[in-house]
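Trainee: First the structure, which I've put down as structure tokens, then a few questions once you've had a look.
Spelled out as structure tokens, the structure:
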């Protein structure tokens, strides 16, 4: 983690904050170290530059009052996109991050607005894959820089307003600031959790106390103890008093005595009730015996009448028994005839099958007769076809021979006609080559004449050159003459030897071209004449006509005629071949038809004989059926069975009626005898029974039951009170033990919580979180004093207040200042404006140093100081600038955001932000 360094290199802003168009801030132009000024009018957008850097890195601006959805420039055109792009370095590697916030803009077409969604992109200079998702970009930035937005804005951006707040804050306010910076939230949460544990423990104690009181109040008592119970219940120490348990114990002892007495009285009463119930039973039995004697007397009279009636019905049933015997005989006779019905059914089935067989054979006979007619007609038709088309094969052969002759002659005409286009083409090729030859020959002769003229000129020119040097009485180098009356003159048109050679080569080329064309011409002429003579010979041989024009006409006419004749012959051949196939098929069908005809005649004869036999068989079956039907009473076996069932039912009814009458007579007679015997026995029993007063016994029983009910009621009350009080005592004892444990835990947790929260009586009110923050704060103060002592010439030194203020909820993070000039210590709130700026700047720089150190040695190779310099005099301003110059040592530029005019004169390198009327702001870098 050590040795990290973050340095902005180039910032591109588009339609962002007060900047309506694209603005590029190239920090590299400001150098790698030293101070530079970001200046401009109030509201021009100086701090927006740092907002843009923060937004590019973390997706949020630096200020808490500015949200990412408020960043779209109100001056921007609809077609200008809002985005920020930051190029920064880290460990000698370059990264580029680009973001756009979510914002609404006017639609390019039509009315209304459209929403642009937030997006982010991180590009690596080492070729790694570009990261495009917002969450992944955020994670990558944090991994690279080791910072989040909170730390970054505390380290890189020092705003006067924020650090004046930190300078003048009390412990509570400063603790909230340090909580975010130094990540002390877990200690605060520990304090809160301990407080919650105290509350939970207290609630547990209160709940247990309520449970004890609930069971105290649930206790039961009898009337004379009510005042005593109310006195104990309302006592403040009811939860802890042993008097409660003693009261319940005395109450329970008394109830057990009452319960034992009531059980003895109930037992005595139950014994008396048992004796009365026995007497009541005897009285009830006497009464019931008297009632049974009267009942049996009435039953005897009833059964005597029933016996008389059943005896008469029995005699009537016995008189019908002879009819039952007659029915039995009839049933036997009808059952003996039943097999005849089956024989009748079998004969009828045979007759039906024979009739069905006769119908089938009749159909076969008709089909055979029909087949006989059909095949007879087909046979005659086939024989007629064979006779009519007897010479079809001969006709086909004749026609084919004639066609062959015509095809041979047609082939001759086609050959001649096919050669004509080729002859015409050869003639055209010959004429084309002849024209070409004449043209090339003319060009050659022209070119040759030009060359010969140039050759003569060349030689004349050579003679002229020689003649120029001739002198009288000096011999000519050519002819040796001493006199030179007419010497050659140099031609005005000079030709070099190279030109002459080139021209000669061209002439030779033309000559070769003419010779090549002449060769082709002679070949074309020969080819044409051979082809022409060949076709003329064939035409004369075919037509016998020497006039070539007439011969051509004859050949064309003959070709057309032959085509028509061949076409006609093809149709005739096709027809005769079809006739041949028809005849061939008829010849094949004749034996098939003859065979089928014979089979049909045989089948007809066979069916005729079989039909006669079956009809005779049906006649015999019908005769036998008639004879058997005459012997039977019913039409079918089913009718006979129904009649038998009817007879059987009549017989069974007679037998059943007799049996029923006999049974009833015996039953009534036996019951009459039983009732007479029972009546005699009951009379004897009644004479031997004791007599009781039934009403008196019931009255006594009611009194005893009422007495028992009252005793049981009291017993139930004693039991309920005893059970309730026992439950109350058990639970009071149980919850008393729990209360002791809960109160012990509460005291322990409360002590721990008060210690962690700084609420111990008589101790400094310093919480554990504040204690941790005090450690960080002391280190920040030590770092801050290094710069403050220098800027104040050793006058001021910041110090954390160690004395706690009475009445304050929390202490430990208050800040004082020591004035070494007069040896006093006072609150930092007493500092003047300029002194406060120096102190807050020193505190801010000390904070930045501490955060970098506590974050694993993070380095930020750039810093911004926002405003506050206007409160300084010239000397203090020099001191402040001197301290900031020291910050830039090495490779660390520091940007001062301010509109103070004195800084413009002292710092040459500037980023000038100019606010344009009604059109946003622009940026210019001055070196």
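In the numbering used here, the protein residues as written are 6 to 932. The beta-carbon is built from N, C-alpha and C at its ideal position, and this holds for glycine as well. Quick caveat, the model's predicted, so the values are computed rather than measured.
According to the neighbour-count rule (16 or more other Cβ atoms, all chains shown, within 10 Å of its Cβ), is residue 871 buried or exposed?
Mentor: Looking at its Cβ environment, which holds 16 or more other Cβ atoms inside 10 Å, residue 871 is buried.
Trainee: Closest to residue 816 by CA distance: which of 613, 178, 834 is it?
Mentor: Per the Cα distances, 178.
Trainee: I believe residue 373 touches residue 612 by the beta-carbon criterion, under 8 Å. Please report the beta-carbon distance rounded to the nearest angstrom.
Mentor: About 6 Å; that satisfies the 8 Å criterion.
Trainee: Less than 7 Å separating the beta-carbons of residue 253 and residue 734?
Mentor: Contact flag set, yes.
Trainee: Between residue 744 and the rest of its own chain, which residues show a CB-CB distance below 6 Å, the 5 nearest in sequence each way excluded?
Mentor: Same-chain partners within the cutoff: 213.
Trainee: I'd like to know whether the C-beta atoms of residue 723 and residue 260 end up nearer to each other than 7 Å.
Mentor: Yes, the Cβ-Cβ distance between residue 723 and residue 260 is below 7 Å.
Trainee: Within the segment 135-208, note down every full alpha helix (DSSP H) run reaching 4 residues or more, in order along the chain.
Mentor: Listed in chain order, they are 139-150, 154-160, 165-173, 176-187.
Trainee: Which whole runs of the beta strand (DSSP E) in the segment 619-696 are 3 residues long or more, in chain order?
Mentor: Qualifying beta strand (DSSP E) stretches: none in this window.
Trainee: According to DSSP, which residues form a beta bridge with residue 128?
Mentor: Bridge partners of residue 128: 101.
Trainee: Give a yes or no on whether the C-beta atoms belonging to residue 545 and residue 551 are separated by under 7 Å.
Mentor: Result yes, Cβ atoms of residue 545 and residue 551 sit closer than 7 Å.
Trainee: Go ahead and pull the three-state DSSP assignment for residue 903.
Mentor: In the structure shown, residue 903 sits in coil (DSSP, three-state: anything other than H, G, I, E or B).
Trainee: Would residue 40 and residue 845 qualify as a contact pair, given that the criterion is a beta-carbon distance under 7 Å?
Mentor: No. Outside cutoff.
Trainee: When we look at the beta-carbon of residue 52 and count the other beta-carbons within 10 Å, is it buried (16 or more) or exposed?
Mentor: Buried is the call here.
Trainee: Pull up the distance between the alpha-carbon of residue 9 and that of residue 919, whole angstroms please.
Mentor: Any reading at residue 9 must be qualified, since the residue scores a pLDDT of 47, below 50, and its modelled position is unreliable; the value itself is stated next. For residue 9 and residue 919, the distance between alpha carbons rounds to 35 Å.
Trainee: Residue 61: which of 50, 76, 47, 49 sits nearest, CA to CA?
Mentor: Residue 76 is the option with its Cα nearest to residue 61.
Trainee: Helix, strand or coil for residue 765, going by three-state DSSP, please let me know.
Mentor: Coil at residue 765, not helix or strand.
Trainee: Any idea what DSSP makes of residue 115, helix, strand or coil?
Mentor: Coil at residue 115, not helix or strand.
Trainee: Please report the distance separating the alpha-carbon of residue 429 from that of residue 584.
Mentor: Answer to the nearest angstrom: the Cα atoms are 48 Å apart.
Trainee: Looking only at C-alpha atoms, which of 17, 28, 98 sits nearest to residue 91?
Mentor: With distances taken between Cα atoms, residue 91 lies closest to 17.
Trainee: Kindly list the residues whose CB is nearer than 6 Å to the CB of residue 27, restricted to its own chain and excluding five residues on each side of it in sequence; keep chain order.
Mentor: Contacts found: 19.
Trainee: Quick check: what's the CA-CA separation for residue 323 versus residue 330?
Mentor: Residue 323 and residue 330: Cα-Cα distance of roughly 13 Å.
Trainee: Kindly confirm or deny that the segment 522-534 and the segment 404-413 touch, where touching means at least three C-beta pairs closer than 8 Å.
Mentor: At 8 Å Cβ cutoff, the stretches do not touch.
Trainee: Output the boundary residues of the beta strand (DSSP E) element that contains residue 537.
Mentor: Segment 502-548 is the alpha helix (DSSP H) holding residue 537; no beta strand (DSSP E) there.
Trainee: Between the Cα of residue 924 and those of 49, 377, 885, 459, spot the shortest distance and give me the residue it belongs to.
Mentor: Closest by alpha carbon: 49.
Trainee: Looking at C-beta atoms only, is the number of pairs between the segment 746-760 and the segment 190-204 that lie closer than 8 Å three or more?
Mentor: Output reads yes: the segment 190-204 touches the segment 746-760.
Trainee: Please state the DSSP three-state secondary structure of residue 830.
Mentor: It is a strand residue.
Trainee: Are the segment 118-132 and the segment 91-107 touching by the rule of at least three beta carbon pairs closer than 8 Å?
Mentor: A contact exists between the segment 118-132 and the segment 91-107.
Trainee: Considering only residues of the same chain and omitting the five flanking positions on each side of residue 362, which have a CB-CB separation below 8 Å?
Mentor: Excluding positions up to five away in sequence, the list reads 619.
Trainee: Determine, using beta-carbon pairs with one atom in the segment 432-449 and one in the segment 506-522, whether at least three such pairs fall under 8 Å.
Mentor: Short answer: they touch.
Trainee: Excluding the 5 residues preceding and the 5 following residue 560 in the sequence, name in chain order all residues of the same chain whose CB lies nearer than 7 Å to its CB.
Mentor: The residues are 418, 421, 422, 544, 547, 548.
Trainee: Drop a sphere of 10 angstroms on the beta-carbon of residue 731, count the other beta-carbons inside from all chains shown, and report buried for 16 or more, exposed for fewer.
Mentor: Classification for residue 731: exposed.
Trainee: Mapping the DSSP letters down to three states, classify residue 800 as helix, strand or coil.
Mentor: The answer is coil: DSSP assigns residue 800 none of H, G, I, E or B.
Trainee: Residue 929 by DSSP, collapsed to three states: which one?
Mentor: Of the three classes helix, strand and coil, the one that applies to residue 929 here is strand, per DSSP.
Trainee: Please work out which residues of its chain come closer than 8 Å, Cβ to Cβ, to residue 713, disregarding the five sequence neighbours upstream and downstream, and give them in chain order.
Mentor: Taken in chain order, the residues that qualify are 271, 274, 275, 278.
Trainee: So residue 917 and residue 45 are supposed to be a Cβ contact under 8 Å. How far apart are they, rounded?
Mentor: Confirmed, Cβ separation roughly 6 Å.
Trainee: From 777, 628, 590, 426, pick the residue whose C-alpha is nearest to that of residue 762; which is it?
Mentor: When only C-alpha atoms are compared, the closest one is 777.
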